[in-house]
Amino acid sequence: MILEENKMKKIYLLVLAFTSGMTIMAVEISASRLIAPYFGTSTFVWTNIIGVIMVALALGYYLGGKLADTLADFKMLLKICLSASLILLIIPFLTGPLVDFITKNIIVFKSASFFIFGGSLITVSILFILPIILLGMVSPYIIKLLSLLDPQIGKDAGLVFSVSTIGSILGTFLPTLLFIPYLGTRKTIIIFTILLIIVVLAGFFKKKWIIIPFLLILSFLWIKLPPIKDAEGIVYEDESIYQYFQIIDQDNYRYLKINEGLGVFSILNLGNSLLTDSYYDFYNLLPYLDGNNKKQDILILGLAGGTISTQLHNFFARDYNLQLIGVEIDKKMIDAAKKFFSLENNSLSVYNLDGRNFLDLTDNQYDSIIIDVYSNQLYISFHLTTKEFFQTVKKHLKNMGVVAMNVNAASPNSSLLKNITNTMLLEFNNVYLIPIAQDSWNYMALASDNELDFNKLSEFKEIPELANIIDRAKTNNLKISYDNNFCYLTDDRAPIEYLTDWMVIDYLFKNL
Numbered sequence: 027m028i029l030e031e032n033k034m035k036k037i038y039l040l041v042l043a044f045t046s047g048m049t050i051m052a053v054e055i056s057a058s059r060l061i062a063p064y065f066g067t068s069t070f071v072w073t074n075i076i077g078v079i080m081v082a083l084a085l086g087y088y089l090g091g092k093l094a095d096t097l098a099d100f101k102m103l104l105k106i107c108l109s110a111s112l113i114l115l116i117i118p119f120l121t122g123p124l125v126d127f128i129t130k131n132i133i134v135f136k137s138a139s140f141f142i143f144g145g146s147l148i149t150v151s152i153l154f155i156l157p158i159i160l161l162g163m164v165s166p167y168i169i170k171l172l173s174l175l176d177p178q179i180g181k182d183a184g185l186v187f188s189v190s191t192i193g194s195i196l197g198t199f200l201p202t203l204l205f206i207p208y209l210g211t212r213k214t215i216i217i218f219t220i221l222l223i224i225v226v227l228a229g230f231f232k233k234k235w236i237i238i239p240f241l242l243i244l245s246f247l248w249i250k251l252p253p254i255k256d257a258e259g260i261v262y263e264d265e266s267i268y269q270y271f272q273i274i275d276q277d278n279y280r281y282l283k284i285n286e287g288l289g290v291f292s293i294l295n296l297g298n299s300l301l302t303d304s305y306y307d308f309y310n311l312l313p314y315l316d317g318n319n320k321k322q323d324i325l326i327l328g329l330a331g332g333t334i335s336t337q338l339h340n341f342f343a344r345d346y347n348l349q350l351i352g353v354e355i356d357k358k359m360i361d362a363a364k365k366f367f368s369l370e371n372n373s374l375s376v377y378n379l380d381g382r383n384f385l386d387l388t389d390n391q392y393d394s395i396i397i398d399v400y401s402n403q404l405y406i407s408f409h410l411t412t413k414e415f416f417q418t419v420k421k422h423l424k425n426m427g428v429v430a431m432n433v434n435a436a437s438p439n440s441s442l443l444k445n446i447t448n449t450m451l452l453e454f455n456n457v458y459l460i461p462i463a464q465d466s467w468n469y470m471a472l473a474s475d476n477e478l479d480f481n482k483l484s485e486f487k488e489i490p491e492l493a494n495i496i497d498r499a500k501t502n503n504l505k506i507s508y509d510n511n512f513c514y515l516t517d518d519r520a521p522i523e524y525l526t527d528w529m530v531i532d533y534l535f536k537n538l
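Numbering (the working numbering), first residue to last: 27 to 538.
As structure tokens, this is what we get:
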């Protein structure tokens, strides 16, 4: 009888190790998505998440082992797990108010990057340190309890780590592939927490039916959730497997913002003008830079809400034979753009693919290829900046073709921008920069094997709305030469995140 009871207890402890390991990893995976609407998912944020959770686990392992040697009590283990679960259960409801409090009362940085780093560090620490410490205590505590049932401590320790790791594997894949895409981040955290609570309550109560009312109460918690991130003028919000995004109406414009919302991915002018007073407007120069060829095939990598395609269609479709191809990796963003940004028009065909994959799958050539692809708000997708990528791009350009790339840089001399223009110059004879505005980080990098004559832009007067943009391009273009003080980028080495982070840090210290 005692042997049978010990066997059941051992099985239960292993199930608890499995469930706690799964919950820890599910929470870690979900943590980045939970705070993305406020701080994004840059390397700053990921560093804070991983660092805080590793510190919490280290403390938990130590404290769990120490407590287990002092008080090896089964009920104490269950209380630790239940305490961690209850804290995790309130995190989805606490995040928004906590970030509001932090940003209004604690974080006072004029710099967006300091705000992202400092704000995310404080938020992650407050939300996750305590529950992860408690969950970190579980494995050493279970090992201690198993040692009292079975003298084979090494075997049992290995079994606990193995079972816990298998749980962590499921906690990695299930949120990413199933729960977050279909249910969202907050519901994912609550579901995994409820699974842990079920296991804990099964240990507390021998009459298992007592669990039922607890589950009925908990099941309602994740049905009624407030908006992910409150914002004035919000029209729509959603989460995809790539990012959280909002559509916001403000000051006669409609904006598509992702994650923390410090930048804008698409703009729709809700008034009488198509122009946005942003870098999107400058892509309307491309048909003119191509010698005013009346047949224009233009590829847009990074369609987002379709600001560029909508402008090109409305300005040029009447007088040009215009074919637009828009490539966007985020299917949910495409669907939202169709509904809220008037994405669809007769000139545009939309493909739901990665930009580089699309080029690999097509044999078509284009008069212009537009590259406006950012991930996690701050970073250009590195595989769309390399020598190999621009070799592929060149194969898909017609003889008079032009490449136009949006690059966020602190100055024309930033190492990020220099590395990109150096890479372009490996494949194209001519590279130019157009600073979009004096106070803007946006630069349009243009590449072509042909000389681009910006003075000829003044000949094109059929669209009066573009006059100011033409004037700025004529007077503010820079011909770029290869700079041996900087490198070029390859598929093997393209440290875009590193270059971006150090550019931002350098800018911050120079402007303190």
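We treat Cβ as the ideally placed atom computed from N, Cα and C, and that holds for glycine.
| query | In the structure shown, what three-state DSSP assignment does M529 receive? | reply | In the three-state reduction of the DSSP assignment, M529 falls in the helix class.
| message | Below 8 Å on the Cβ atoms is my contact criterion, and I expect G427 with D393 to pass it. Report the Cβ-Cβ distance as a whole number of Å. | response | By a beta-carbon distance limit of 8 Å, G427 contacts D393. Their separation comes to about 6 Å.
| query | When we look at the beta-carbon of F342 and count the other beta-carbons within 10 Å, is it buried (16 or more) or exposed? | reply | Under this definition F342 is a buried residue.
| Between which two residues does the beta strand (DSSP E) harbouring M426 extend? | Where M426 is concerned, the enclosing beta strand (DSSP E) stretches over 423-434.
| request: Jot down the residue ranges of each uninterrupted alpha helix (DSSP H) in the region 334-421, minimum 4 residues, whole runs only, in chain order. | output: Along the length of the region 334-421, whole alpha helix (DSSP H) runs at least 4 residues long occupy 357-366, 381-387, 413-421, reported in chain order.
| said: Which residue wins for smallest C-alpha separation from F367, given the options I216, L312, Q276, L296? | reply: Its Cα nearest to that of F367, the residue L296 stands out among I216, L312, Q276, L296.
| For P490, the nearest candidate out of L97, L311, Q464, A52 (CA to CA) | Checked all of L97, L311, Q464, A52; the closest Cα to P490 is L311.
| Beta-carbon separation of S332 and V399 under 7 Å? | Before going further, note that residue 332 is Gly rather than Ser in the sequence given. Taking 7 Å as the Cβ cut-off, G332 and V399 do not qualify as a contacting pair.
| query | Pick from S466, W467, P438: whose alpha carbon is nearest that of Y458? | reply | Out of S466, W467, P438, P438 has the C-alpha closest to the C-alpha of Y458.
| query | Quick one, are the C-beta atoms of V186 and I169 less than 7 Å apart? | reply | Yes, they are a contact pair.
| Taking the alpha-carbon positions, what's the L196 to S46 distance? | Their Cα atoms are separated by approximately 11 Å.
| request: Give the single residue among T121, S304, F205 whose Cα lies nearest to the Cα of N494. | output: It is S304 whose Cα lies nearest to the Cα of N494.
| query | Quick one: any contact between the region 452-466 and the region 474-491, if contact means 3 or more CB pairs under 8 Å? | reply | Flag = yes, the region 452-466 and the region 474-491 touch.
| query | For K283, does the count of other Cβ atoms within 10 angstroms reach 16, so buried, or fall short, so exposed? | reply | Within 10 angstroms of the beta-carbon of K283 lie 16 or more other beta-carbons, which makes it buried.
| Using CA coordinates, which residue listed in V164, L112, D465 is at the minimum distance from Y88? | A check of alpha carbon separations from Y88 across V164, L112, D465 identifies V164 as the nearest.
| query | Taking just the CA atoms, how far does I326 sit from H422? | reply | One C-alpha to the other measures close to 13 Å.
| query | Where are the alpha helix (DSSP H) runs, 4 residues long or more, that stay fully inside the region 276-323, in chain order? | reply | Listed in chain order, the complete alpha helix (DSSP H) runs (minimum 4 residues) inside the region 276-323 are 312-315.
| request: Quick one: give me the first and last residue of the beta strand (DSSP E) that S474 is part of. | output: 468-474 is the span of the beta strand (DSSP E), which, as asked, contains S474.
| task | Return the chain-ordered list of same chain residues with a C-beta closer than 6 Å to the C-beta of A183, the five sequence neighbours on each side being excluded. | result | So the qualifying residues of the chain are I169.
| message | I need the DSSP call for K136, collapsed to helix, strand or coil. | response | With a pLDDT of only 48 at K136, under the threshold of 50, the placement of this residue in the model should not be trusted, and no figure is reported.
| query | Using the rule of at least 16 other Cβ atoms within 10 Å of the residue's Cβ for burial, across every protein chain shown, is M431 buried or exposed? | reply | It counts as buried.
| Nearest neighbour of N456, chosen from S466, K358, L472 [CA to CA] | The shortest Cα separation from N456 among S466, K358, L472 belongs to L472.
| said: Quick check on DSSP: helix, strand or coil for E31? | reply: Judged by DSSP in its simplified three-state form, E31 adopts helix.
| field | Residues sharing a beta bridge with D264, DSSP | value | Paired residue(s): F271.
| DSSP beta-bridge partners for N456? | Partner residues in the beta bridge of N456, as assigned by DSSP, are S474.
| task | Please classify P201: is it buried, with 16 or more other beta-carbons within 10 angstroms of its beta-carbon, or exposed? | result | Per the 10 Å Cβ criterion, buried.
| task | Note down the Cα distance separating N476 from T412, rounded to an integer number of angstroms. | result | N476 and T412: Cα-Cα distance of roughly 21 Å.
| Straight-line gap, T49 to R59 (C-alpha atoms, nearest Å) | Going from the Cα of T49 to the Cα of R59 covers about 16 Å.
| task | Using a threshold of 7 Å, state whether the C-beta atoms of T449 and Y514 are closer than that. | result | Taking 7 Å as the Cβ cut-off, T449 and Y514 qualify as a contacting pair.
| field | Neighbourhood of Q178 by C-beta distance below 7 Å, restricted to the same chain and skipping five residues each side | value | Scanning its chain for C-beta atoms nearer than 7 Å, with the 5 sequence neighbours on each side dropped, one finds no residue around Q178.
| task | For Q272, count neighbouring C-beta atoms within 10 Å of its own C-beta (all shown protein chains included) and say buried if the count is 16 or more, exposed if not. | result | With a threshold of 16 other beta carbon atoms within 10 Å, Q272 meets it and is buried.
| task | Can you give me the start and stop residues for the beta strand (DSSP E) that I169 sits inside? | result | Not the beta strand (DSSP E): I169 falls in the alpha helix (DSSP H), residues 164-175.
| request: Spatial neighbours of D518 within its chain, please: CB distance less than 6 Å, with the 5 preceding and 5 following residues excluded, ordered by chain position. | output: Closer than 6 Å at the Cβ level, and outside the excluded window around D518, lies no residue.
| field | Among R498, V290, E354, the one whose alpha carbon lies nearest that of I397 | value | Per the Cα distances, E354.
| field | Sequence-distant residues of the same chain with beta carbon closer than 7 Å to K136, five excluded per side | value | Bear in mind that a pLDDT of 48 at K136, under 50, signals an unreliable position, so the number given afterwards is only what the model happens to contain. In its own chain, leaving out the 5 sequence neighbours on each side, no residue places its CB closer than 7 Å to the CB of K136.
| Host alpha helix (DSSP H) of K482 (start-end) | Per DSSP, K482 lies in no alpha helix (DSSP H) segment and is marked neither H nor E.
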